[in-house]
Amino acid sequence: MTGPGPRERILPRMIDEEIKESFINYSMSVIVSRALPDVRDGLKPVHRRVLYAMNEAGLTAGRPYRKSATVVGDVLGRYHPHGDSSVYDAVVRMVQEFSLRYPLVDGQGNFGSIDGDNAAAYRYTEVRLTRIAMEMLADIDRGTVDFGANFDDTREEPKVLPSRLPNLLVNGSTGIAVGMATNIPPHNLREVSAAIVAMVDNPEITTDDIRKIITGPDFPTAGFIYGRAGIKDYIETGRGRLQVRARAQIEENERGSKSQIVVTEIPYQVNKERLRQQIVDLVREGKVAGISALRDESNKEGIRLVMELKRDAIPRVVLNQLYKHSQLQTTFGVIMLALVPDIKTRQLVPKVMPVREVLLHYINHRHEVITRRTQFDLDKALEREHILEGLKIAVDNIDEVIKIIRAADDTPTASLSLQTRFALSERQAEAILNMRLAKLTGLEIDKLEAELAEVRALIAELRDILGSRERRMAILKSELMEVAETFGDPRKTEIVSDEGEFSVEDLIAEEDVVVTISHTGYVKRTSVSLYKRQRRGGRGKTGTGLKDEDFVSRLYIGSTHDYLLVFTDDGRMYWLKVYEIPQSSAGARGKPMVNLINVSPETRVRAVVPVKDLEKITDADERFLFFSTRAGTVKKSRMSDYTNVRNNGIKAIKIEPGDELIDVAETSGTNDIVLATRFGLSCRFHESDVREMGRDTTGVKGIELRPEDLVVGMVVIKRDATLLVVTEKGLGKVSDVSEYRVQKRGGKGILTLNRTERTGNVVALMEVLPEDEMILITKQGILIRSSAAEVRKTGRNAQGVKLVALDGGDSVITVARVVPEEKDGDDGGADDGEAAGDGEGGVGEGDSSDE
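Residue numbering for the sequence shown follows our numbering, starting at 7 and increasing by one per position.
Pasting the structure below:
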């Protein structure tokens, strides 16, 4: 193996230093040379190179189209040493009317669609510049901007375009660099131009004044922006979040028997075909109900997405569900990040800016362009004046000039003789020598003198412009307003104040529903009317479509507008609205709870507490949550401690190793509590025996358990009622509450049922009135509805009567109390939602078969 050559130098270096420096260089290259736009012309390098190359090739507005492949090749070969796809993608985006508010390239052929269809290959499409793009390039040949060498030093390219069009704001920009990203929305040209003029007239203009002129983004796909807070944020700080909605109207179909939702505008950057498929999936999943058919009737005239509704559907409710779950409503996160030239070094640096600063950079750029252009024109005019003055001298002394020229041996001698005789410059002498004899006619002499006078007047004008900032600013305004008048158009996107926004809940019909949760975590809501009352001992009706290994373990009756506080076995709490649970038929399986709240699949729901107006509860309200665990621990906390819930839930109670939460109920702080165990023991004590505790605490002992015994249910006694005890073998009994004497908290308890092999273990304890109805649920998913009045009242330690006939291997796992349908006086809220074990919406233990 040969060693290094005589001219090689190997420098040892730490690899971490080399990687760090190389990555920084790479990052800056991506930031400055590829991903972010220049604040002055609003273009990334690839877009700037495309426009400049097309202008060089003569592909201007009004000229014939040329193949896109030619443009791509020119840009790649001369200015952009990257992949051809990046160049063509830039061309395609500048053609698409749904991507740019004011397209810069005029295309002929297939350039993709809002449905996500790809553009045809560049060998098939043709392009040329649009008229408004010509405003970006105007005066580029008059010394207005700096040029730099291209990648191989064979030619020069502009570092920025003169850009009469305030492109960064009117067309926006999107890009992901290294460690940063930009997302600038498009705006209306007339509004931006008016704001620039106002800022020129009043450099101290405030952001509030700017917001009155630039009312917000103006997307090419139109739609609505809901709320002005996000607009205010990004105009003032450079960052904000906008809620963008589709434009949809509710129409009657041709027959007038059904309604239909017609979408004619969609949010910016939303793929229409993906939106259509998303709506189809939402209907299939049950998250959006009431849609019977969906058609895409869009054509070259515009978007038309038609959703036919079922006869019983509430159109505004369906529309609001679509806004909530689909891309008919999106969030546009504004990041006004662009490259700004450093004042000292002139190097470009990334910066997030408020709109006022963006406008200021544009004004400064245009002022510099006008100044440089004026200086360029002045230099040309002075040069022309110099030549004309020489010609004037020659015309005034034409005989002598001819004599000197004829006497000279050659052209250089003639030139030198003229310079010496008339004090001319070399350029003047050369112009005289090149002058045609026709210029000596009287008419041509008059024209010469007139041109000299015009040039001198122009020089005076240009010097006056250079000497007056006010005149330069007046030119800036004039040129900008000319662009706005030529290309400006009315706003497309409508901005709606928050006051006009309707909430989802306002449009959800309030009705009583049954919410069931299965052993494996499937949840659904079903209309209460689907369950028919049956006589005691009946076979019941299958109310779930669960798999063999699954069974219903939780049930709650309540209103669609209620909050559900969902407590899991590990002691955490989550909340959701009842209407957020997909509605299903009685035989459907439902949806995984993990899809509605942020829980892991192995987590099991132990209690569901319905609450109205959760956000209005304060510390002054005497409303508490009472917890019980399988090991007999209890805890009381104020409900106001649980109103601020995060997406991943909060810790509701600290659970000791080996223990788990089994029930939670709402209390007033003055109730009696009854705990029941699976061995048939119970303990009744005053709630006041349990001191109020914070959220992240363990609690105190509620009942002394025997070995192998576990707590299976809890009742919060709120009235003079009776207690229903149900066993896993389908037996049940009702006893007066008075038979359960009050004991000290933490006692061993008294019998609540004479447990035998015929009865099996206790699975539920609940408080009932004679007129109450109940639903028993078995492990196989059988539901039977019966009245408490049909259950014979017995003593506390009796075995009870048969409530349901069970098939072999089946067993009762839980019971829920239901207010009879004829009781119109009940509110259908929390009191209607009592479930086994608490009488106020908690859920009793239904897992005794697992022990």
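Glycine is no exception: its CB is placed at the ideal position from the N, C-alpha and C atoms.
query, result
"On a Cα-Cα basis, can you pick out the residue from H373, R477 and A344 that is closest to S363?", "Residue 363 is actually Glu in this sequence, not Ser. The shortest Cα separation from E363 among H373, R477 and A344 belongs to A344."
"Just to confirm the assignment: which complete beta strand (DSSP E) runs, minimum length 3, are found wholly within the region 564-646?", "569-574, 578-583, 611-617, 630-635 and 639-644"
"Let me know the secondary structure DSSP gives I471 once reduced to three states.", "helix"
"Just the Cα atoms here: how many angstroms apart are E621 and G233?", "22 Å"
"From H193 to Y368, what does the alpha carbon distance come to, in whole angstroms?", "15 Å"
"Hey, V111 and A139: beta-carbon distance below 8 Å or not?", "yes"
"For the candidate residues E436, L424 and R751, whose alpha-carbon lies nearest to that of K409?", "L424"
"Is L288 helix, strand or coil when you go by DSSP?", "helix"
"Between the C-alpha atoms of A235 and N124, what's the straight-line distance to the nearest angstrom?", "36 Å"
"Taking Q353 and I393 to be in contact with their CB atoms under 8 Å, please state how far apart those CB atoms are, rounded to whole angstroms.", "Contact doesn't hold; Cβ gap of about 40 Å is too wide."
"Would you tell me roughly how many angstroms separate the C-alpha atoms of D665 and V502, rounded to the nearest one?", "52 Å"
"Is the CB-CB distance between F632 and V640 below 8 Å?", "yes"
"Exposed or buried, which one is F685 when buried takes at least 16 other CB atoms within 10 Å?", "buried"
"Classify M20: buried if its beta carbon has 16 or more other beta carbons within 10 angstroms, exposed otherwise.", "exposed"
"Just the C-alpha distance for N189 and I341, rounded to the nearest angstrom, thanks.", "5 Å"
"Taking 7 Å as the limit between beta carbons, can you name the residues of its chain near E14, skipping five residues before and five after?", "none"
"I756 to G738, Cα distance in whole Å?", "18 Å"
"Tell me, please, which residues DSSP counts as bridged to D742.", "T728"
"If you draw a straight line from the C-alpha of N604 to the C-alpha of E62, how long is it?", "57 Å"
"As an exercise, report each continuous alpha helix (DSSP H) stretch of at least 4 residues that is fully enclosed by the region 438-483, in chain order.", "448-472"
"Going by the CB atoms, is the gap between I182 and A41 shorter than 8 Å?", "yes"
"Among residues of its own chain, excluding the 5 on either side of V98, which ones have a beta-carbon nearer than 7 Å to its beta-carbon?", "F117, G118 and A125"
"Would the region 210-227 and the region 296-308 be scored as touching if the rule is three or more Cβ pairs under 8 Å?", "no"
"In angstroms with no decimal places, state the Cα-to-Cα distance between I16 and I25.", "17 Å"
"Since S741 and R802 are thought to touch, with beta carbons under 8 Å apart, how far apart are those beta carbons, to the nearest angstrom?", "5 Å"
"Using DSSP's beta-bridge definition, name the partner residues of N305.", "G308"
"State buried or exposed for T336, treating a residue as buried only when at least 16 other CB atoms are found within 10 Å of its CB.", "buried"
"Starting from the Cα of T683, find the closest Cα among N760, A254 and I723 and give me that residue.", "N760"
"At a Cβ threshold of 8 Å, is S606 touching chain D?", "Structure shown: chain D not included; a single protein chain is present."
"Helix, strand or coil for L486 per DSSP?", "helix"
"Are K660 and G577 touching if we call contact CB-CB under 8 Å?", "yes"
"Going straight from the alpha carbon of G638 to that of V717, what length do you get?", "6 Å"
"Would you mind sorting L171 into buried or exposed? The rule is 16 or more other CB atoms within 10 Å of its CB.", "buried"
"Which runs of the beta strand (DSSP E) at least 3 residues long sit entirely within the region 46-125? Give them in chain order.", "111-114"
"Are R251 and P273 close, meaning C-beta to C-beta below 8 Å?", "yes"
"Could you tell me the boundaries of the alpha helix (DSSP H) in which G396 lies?", "V361 to D402"
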